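Mapped onto my numbering, the consecutive letters of the sequence shown carry residue numbers 12 to 85.
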Amino acid sequence: MHWLDHISLPTVLFIALLLGFAPFYPEPHIVEKVRMLVQGQLRRPIDIFDLFWHTWPFVLLILKLVRMKQVGAF
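The following block contains the structure:
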C-alpha cells in the first residue's frame, strides 16, 4: 500500500469525480450502468467493462481513505 500513500487525496478525489461520473450529460455513466445492473440488463461485455471503468476510481478513493485512517493521517 506504499504506492497509495504517495497519491494525494485531492488527486484521488479529482479522478473519482471526473472518471467516475463522466460523461455528465444526459446522465452519468455510473448511474446508467448501476441501473442496468439492478434491472438485470448488464449483459454485453462493453457494458460490464464500462461499469468497471467508472467504478474503479471510487474503489481507489475508498482504499485511500481507509489507508489514511490506518496510518493516522485522518
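Glycine included, C-beta positions come from ideal geometry on N, C-alpha and C. Just so it is clear, the structure is predicted and the values come from calculations on it, not from any experiment.
key: Residue environment, residue 51, which counts as buried when at least 16 other CB atoms sit within 10 Å   = Within the sequence shown, residue 51 is the residue found at index 40, counting from 1. Result: exposed.
task = Check whether the region 65-75 touches the region 24-34, taking contact to mean three or more Cβ pairs, one atom from each stretch, closer than 8 Å.
result = yes
query = How close, in whole Å, do the beta carbons of residue 68 and residue 20 come, if the pair is a contact with beta carbons under 8 Å?
reply = Here residue 68 refers to the residue found at position 57 of the sequence shown. Here residue 20 refers to the residue found at position 9 of the sequence shown. Contact flag wrong, Cβ pair sits at about 13 Å.
task = Determine the direct distance from the alpha carbon of residue 71 to that of residue 44, and round the result to whole angstroms.
result = Numbered from its first residue, the sequence shown carries residue 44 at position 33. Numbered from its first residue, the sequence shown carries residue 71 at position 60. Straight-line Cα distance between these residues: approximately 19 Å.
request  = Closer than 6 Å by C-beta to residue 111: which residues in its own chain qualify, once you throw out the five before and the five after it? Chain order, please.
outcome  = What the structure shows of the chain is the stretch from 12 to 85, and residue 111 is not part of that stretch, so it cannot be assessed.
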